[in-house]
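Student: The structure's right below; bear with me while I get my questions together.
Number of protein chains: 2
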Amino acid sequence: MTASLNEMANAIRFLSMDAVQAANSGHPGMPMGMADVATVLYTKYLKYDASAPRWADRDRFVLSAGHGSMLAYSTLYLSGYASPTIDDIRNFRQLHSPCAGHPENFELEGVESTTGPLGQGLAMAVGMALAERHLNAEFGDDLVDHRTWVIAGDGCLMEGINHEAIGLAGHLGLGRMIVFWDDNRITIDGSTALSTSEDIPARFAATGWHTEECDGHDFADISRAIDAALADNRPSLIACRTVIGKGSPNKQGTHNVHGAPLGADEIAAARAELGWDYPPFVVPDDVLAQWREAGKRGTEVRYAWEARVAANAKGTQLLDRMAGKVDASSAIQDYLAALIAKPEKVATRKASEMALEVLTAAIPAMVGGSADLTGSNNTKTKATNPLSKEDYSGRYVYYGIREFGMSAAMNGMALHGGIIPYGGTFLVFSDYCRNAIRLSAIQRQRVVYVMTHDSIGLGEDGPTHQPVEHVMSLRMIPNLDVFRPCDTIETAECWALALESEDRPSLLALSRQNLPQLRTDISKNWSARGAYRMRAANAARRVVLIATGSEVALAISVADRLEQHGIGADVVSMPCWERFAAQDDAYRAEVLPEGPLKVSIEAGVTLGWERYTSDGIRIGIDSFGASAPAETLYDHFGFSIDTIFHKIQSKLDN
Amino acid sequence: MTASLNEMANAIRFLSMDAVQAANSGHPGMPMGMADVATVLYTKYLKYDASAPRWADRDRFVLSAGHGSMLAYSTLYLSGYASPTIDDIRNFRQLHSPCAGHPENFELEGVESTTGPLGQGLAMAVGMALAERHLNAEFGDDLVDHRTWVIAGDGCLMEGINHEAIGLAGHLGLGRMIVFWDDNRITIDGSTALSTSEDIPARFAATGWHTEECDGHDFADISRAIDAALADNRPSLIACRTVIGKGSPNKQGTHNVHGAPLGADEIAAARAELGWDYPPFVVPDDVLAQWREAGKRGTEVRYAWEARVAANAKGTQLLDRMAGKVDASSAIQDYLAALIAKPEKVATRKASEMALEVLTAAIPAMVGGSADLTGSNNTKTKATNPLSKEDYSGRYVYYGIREFGMSAAMNGMALHGGIIPYGGTFLVFSDYCRNAIRLSAIQRQRVVYVMTHDSIGLGEDGPTHQPVEHVMSLRMIPNLDVFRPCDTIETAECWALALESEDRPSLLALSRQNLPQLRTDISKNWSARGAYRMRAANAARRVVLIATGSEVALAISVADRLEQHGIGADVVSMPCWERFAAQDDAYRAEVLPEGPLKVSIEAGVTLGWERYTSDGIRIGIDSFGASAPAETLYDHFGFSIDTIFHKIQSKLDN
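In order, the protein sequence lines correspond to chains R and Y.
According to my numbering, the first sequence is numbered sequentially starting from 36.
According to my numbering, the second sequence is numbered sequentially starting from 36.
Listed below in structure tokens is the structure:
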């Protein structure tokens, strides 16, 4: 006997109801409402093989409305992925279960991205769809030929980031992307009419999208809409008219079913209503068998692809690209030697461009871009031609004035694999994309943020454009390496470290203003240790100056002045706090020994520097900046040799 | 002789060219391109009186494309505002000139809002337009009857926040808002065609806006479009087709004119082209006179309004509302006494609701809302009915899933005056609106952020929803008070402080989980000191436990355990770092004396706590959270009495 699509969809509904009930926490409404659409997708359209979750040419499916995580866990279990098991689902939302409250890519191979922060799944999917077209242009239809599917809720489409994401997708003509909008007209607060009056399809159409509408509970109509989407060469939005919590006889269609367990009575009523005579977490054999069959739909397709890979001259190259190993350090050796031979006094944003020229030439996986600050972020290199709708083989994306959309798209590219994305904006606008940076870190993705104009050193643009709290506050995001290099050498070193860190994002904070080349030793990558003694005291050591980025040169000048007065001073450059924290105690004690007065110098907030200065001196700026030329500001805010020298001298005299 | 509109517009152009040239920095392109539109606006439509910049019933004008600040400075000077002077303009972008790189509301009375971070000016204008309608509903057409005008660039309309802002404006039918889109088809990177293909008017129409298009260099056509916008009851977008840098014969229409001085030669060429035979910073008498005439257009209108205010029963009340004084402390005295009489064990988000019930009843200026988490943020009270298109007198805004848009709108309401806005979301999504919080702080506006679910204590939703780094990283934003109260009493105290802080925003970090009422002394607002000794050691003091929010009760339990072992321990509650830092040395030394071991307990990152613990112990969480019930997580991450007690004991034994 063959189970019906309806029964298959009900399996999703009951797993979702039962898991949320068991956890006494979660969101049953969305999985129940979108169960029919998901069933059509997984049984007929999605290219996947449950036995090979990481198959490179699989379709990507992103549950942007991540609170409906039970939809993902249900389809993965039902279609036969090794994980999650039914026991994992029974332990939904419990410690150590891979079935977390929101889908987590690092917990389950079948989960393409960590979602929950609304709108970002959709925006990451744009990055995945872009990655597919780019790799397709490079490796051809035989090797790269898949689609990106998204389920998005009303929340995803109200969040600002969706505007940036669909604008980018429409502009780049990402026709292999299909978004299902769960049009259930309910948000947490109640009817969508409380807060929005938008004609969503019209808005998508205005941005170059094809749009369809369907009854989200009519299997044939869902298929019709998908077929129409597949036939159109634009990205498609399918508005699926659904009833949230469909199947809950007394609660469906209301916000009460959105984010709370239905309760035992209502679940019993749903069982009666839908004729589902099975205990919690039990899926009848015929329904499970039918689902497992669906999970094997792609196996032969995968075999055929593997055969094409084996036969294709670029096959191995593609597999290597997807594996993601790079040796950036080797790539920059000659460049470092050339810098030593001929030192350059340039801004670190320029130093970044110089390093990028070398790196992008050597590492084809790198795809760069900027949120409309190309000439300021210095992110474009000779090797990276523009990527456009007409030429997806390009390696430079003009992201437009879309910092958040850019960052999420980069997350999507990294998640897709085969690409190491980097992108630029002003450091102050890390605020605009901060949660995407956080998601890079949670998802353990190699994304490189090139954040220039990293202090009051940007000058005249004034306080709205001068990051003050940003460097330190970014250091607080777990699993993110924040680099603030001081010269050409450190910048190249930090770039190499960022590219070789496969399991985390990196952020480079770079100066607008020119900085002298300070490093003379390239025998090893000193930045890898996070902090190191750049210069040892000459006179008896009484002071250790600790500085980052543009303030390291100032620290050297202060040290010179101290030495002139017979006060020995080390200068420690600390380009990366996270890496220094990871060193052993002995190394850290050697670099920052007990005894001497510690003085930090960084053109940002001082809160946090107590970690390394204890009762020493913290030179920083604890207010907003001002509009004036950079040199004026440095002086005004106390970053001058005189001011710092006198503070130290006065402290030593006490 | 009467100067022509063309000459008046050219005055803006040359002041802009000359000031940018003198500063050797700035953005001449936008002011030159929009000079004609601005001239029509200021000479014919905008209701203002240059002699009374803060007149309550003036129209609001927001330069959302803030980099074109010379447009604002030029119109203010030309129309006769006392500030800026021509000398201020000569000192454009120099230290202490009020003519900063981007317009700053705290520098010039005629600047309604600080802009530069793109999209936010538009979104703040939505808040201003909403404030106008709300006050109109309360005080009537005689007293409140003005419009909100915006100039927005392509960047403003690419940023995600614009989607949230126009969605809110369209939904709420803010028909007295008119946005000029500077449709110059140029961004920093080059043609807009590099990054966008959107039909912007179609998108606005999809969101309930009326749209017009005009030739931005044809005075009659500009007037026609404005007249059409005035006649429509929807918010209006006027697409002004312009040439960026109009008047620069060799550079206009290109991105080279966007953000750099034109150069002496090109400015000379522009003078020749436009027949402007005057030295830099000199405006011919007839042109200046004509502008000054325009600046007086509103004087009689203002006199008439003042007469109506004097005659109206609600006139004084409106003036008081606009002055913004409130006495929140008095309003909560009875409530505090009731709490002492009958302590409540509730989540601080619930404690916030309880305080809000009292405060919103007492303070009509308070207008609340939530980004679709009303029931979770506990922001709605009996006194605050829904504000809608049908009833602007409501005091509760269903902002929808628009955290950034909500925050910027609140900035706009506060800037407008007469309203004290507060709004809620989950603390983790402070990331989504972080730059608007920063702009609240830069602009010195009384906006209250109600951020709930403030730690791993939120439980099952998992790491995407668990703020870990947020409380500390928000403490780094200058001029922002971050409050993390521990119980009902502190929550009420912090609310009172937030409402009485006229020159800064406040952020309340509130728990999802229930917390015992700890405070017994309401003789004074102890939270006002930022930190205070909640409990003194009984045995000889060897430890000072410093905790915030939900961890204060845990600290008390740890202190109990320590005392059982004969180890005396103070417990210090520290609800607000910023306020504690502002206390005198003696008070701070009394609360955190030298000698005893300092132990911080906060369910967030430990970086930063060195400020108060020096070489003591920092109990915190330096990784992302996990999905599990709250109690499980607290234990898992080491927030248990046993774990902390043993760490302290072991440290004391060393």
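For every residue, glycine included, the Cβ atom is placed at its ideal position computed from N, Cα and C.
(1) Can you list the residues of chain Y that F659(R) reaches, using a CB-CB cut of under 8 Å?
(2) Let me confirm a value: P628(R) is counted as buried when at least 16 other C-beta atoms fall within 10 Å, else exposed. Which label applies?
(3) Need the endpoints of the beta strand (DSSP E) that V97(Y) sits in, please.
(4) Compare the C-alpha of T641(R) against each of A527(Y), W561(Y), Y457(Y) and R510(Y) and name the closest.
(5) Any beta carbon from chain Y within less than 9 Å of Q129(R)'s own beta carbon?
(6) Within 9 Å (strictly less), CB to CB, does P421(R) reach chain Y?
(7) Which term fits N140(Y), buried or exposed, when burial requires 16 or more other beta carbons within 10 angstroms of its beta carbon?
(8) Among T227(Y), I196(Y) and A187(Y), whose alpha-carbon lies nearest the alpha-carbon of W216(Y)?
(9) Using a cut-off of 9 Å between C-beta atoms, extract the partners of R614(R) located in chain Y.
(10) Could you check which residue in G208(Y), H131(Y), S490(Y) and P152(Y) has the C-alpha nearest to that of A166(Y)?
(11) Answer yes or no: do A91(R) and L153(R) have a C-beta to C-beta separation smaller than 9 Å?
(12) To be precise: take each residue of the stretch 148 to 182 of chain R, compare its Cβ to all Cβ atoms of chain Y, and keep it if any distance is under 7 Å. Which residues remain?
(13) Helix, strand or coil, according to DSSP, for E247(Y) in the structure here?
(14) For a cutoff of 9 Å on Cβ pairs, would you count L532(R) as touching chain Y?
(15) Roughly how many angstroms lie between the CA atoms of N446(R) and E586(Y), to the nearest whole one?
(16) Taking C-beta to C-beta, are E388(R) and K415(R) nearer than 9 Å?
(17) Out of V579(Y), I602(Y), A46(Y) and A617(Y), which one is the CA nearest neighbour of A305(Y)?
(18) Between the Cα of H500(Y) and those of N689(R), D94(R) and G136(R), spot the shortest distance and give me the residue it belongs to.
(19) Could you check where the alpha helix (DSSP H) with R276(Y) kicks off and where it finishes?
(20) For A476(R) and Y434(R), what's the separation of their Cα atoms in angstroms?
(21) Would you please state the rounded distance, in angstroms, between the beta carbons of V607(Y) and V626(Y)? I believe it to be under 8 Å.
(22) If you drop the 5 nearest sequence neighbours on each side, which residues of the same chain put their C-beta closer than 7 Å to that of P133(Y)?
(23) Just tell me which of A471(Y), G494(Y) and V503(Y) has its CA closest to the CA of I512(Y).
(24) Using a Cβ-Cβ distance cut-off of 9 Å, determine whether N470(R) contacts chain Y.
(25) Using a Cβ-Cβ cut-off of 9 Å, state whether I436(R) counts as contacting chain Y.
(26) Buried or exposed for K82(R), going by 16 or more other Cβ atoms inside 10 Å?
(27) Tell me whether V503(R) sits in a helix, a strand or coil according to DSSP, three-state version.
(28) Which residues share a DSSP beta bridge with F461(R)?
(29) Answer yes or no: does any C-beta atom of chain R fall closer than 9 Å to that of P498(Y)?
(30) Could you list which residues in chain R have their beta carbon closer than 7 Å to that of I279(Y), in chain order?
(31) Identify the continuous beta strand (DSSP E) that holds A616(R) and give its terminal residues.
(32) For K3(R), count neighbouring Cβ atoms within 10 angstroms of its own Cβ and tell me buried if that reaches 16, exposed if not.
(33) As a quick exercise: from I121(Y), D256(Y), I235(Y) and C468(Y), pick the residue whose alpha carbon is nearest that of T246(Y).
(34) For the pair the stretch 251 to 271 of chain Y and the stretch 46 to 57 of chain Y, tell me if three or more CB-CB distances fall below 8 Å.
(35) If we define contact as Cβ-Cβ less than 9 Å, is T667(Y) a contact residue for chain R?
(36) I'd like to know if N140(Y) contacts chain R, where contact means its C-beta is closer than 9 Å to some C-beta of that chain.
Tutor: So, to answer that:
(1) A476, I477, P513 and N514
(2) exposed
(3) R95 to L98
(4) R510(Y)
(5) yes
(6) yes
(7) Label assigned to N140(Y): buried.
(8) A187(Y)
(9) Neighbours of R614(R) on chain Y: none; closest Cβ ~15 Å, over 9 Å.
(10) In terms of CA proximity to A166(Y), G208(Y) leads the group G208(Y), H131(Y), S490(Y) and P152(Y).
(11) A distance of 9 Å or more separates the beta carbons of A91(R) and L153(R).
(12) Within the stretch 148 to 182 of chain R, the residues whose Cβ lies closer than 7 Å to some Cβ of chain Y are T149, G151, P152 and L153, listed in chain order.
(13) strand
(14) Chain Y, which has no Cβ nearer than 9 Å to the Cβ of L532(R), makes this no.
(15) 34 Å
(16) yes
(17) A46(Y)
(18) G136(R)
(19) No alpha helix (DSSP H) contains R276(Y), which is instead part of the beta strand (DSSP E) from S271 to R276.
(20) 21 Å
(21) Contact check for V607(Y) and V626(Y): beta-carbon distance about 6 Å, within the 8 Å limit, so the pair qualifies.
(22) Excluding five sequence positions before and after P133(Y), the CB atoms of its chain that fall closer than 7 Å to its own CB belong to S118, P119, D123, E142 and L143, given in chain order.
(23) A471(Y)
(24) yes
(25) Judged by the 9 Å Cβ criterion, I436(R) is in contact with chain Y.
(26) buried
(27) coil
(28) T487(R)
(29) yes
(30) Ordered by position in chain R, no residue passes the 7 Å Cβ test against I279(Y), which lies about 14 Å from the chain.
(31) Note, A616(R): premise wrong, no beta strand (DSSP E); alpha helix (DSSP H) at W612 to A616.
(32) With chain R covering 36 to 689 only, the question about residue 3(R) has no answer from this structure.
(33) Between T246(Y) and the set I121(Y), D256(Y), I235(Y) and C468(Y), the nearest pair of CA atoms involves I235(Y).
(34) The stretch 251 to 271 of chain Y is not in contact with the stretch 46 to 57 of chain Y.
(35) Yes, because at least one Cβ of chain R sits closer than 9 Å to the Cβ of T667(Y).
(36) no
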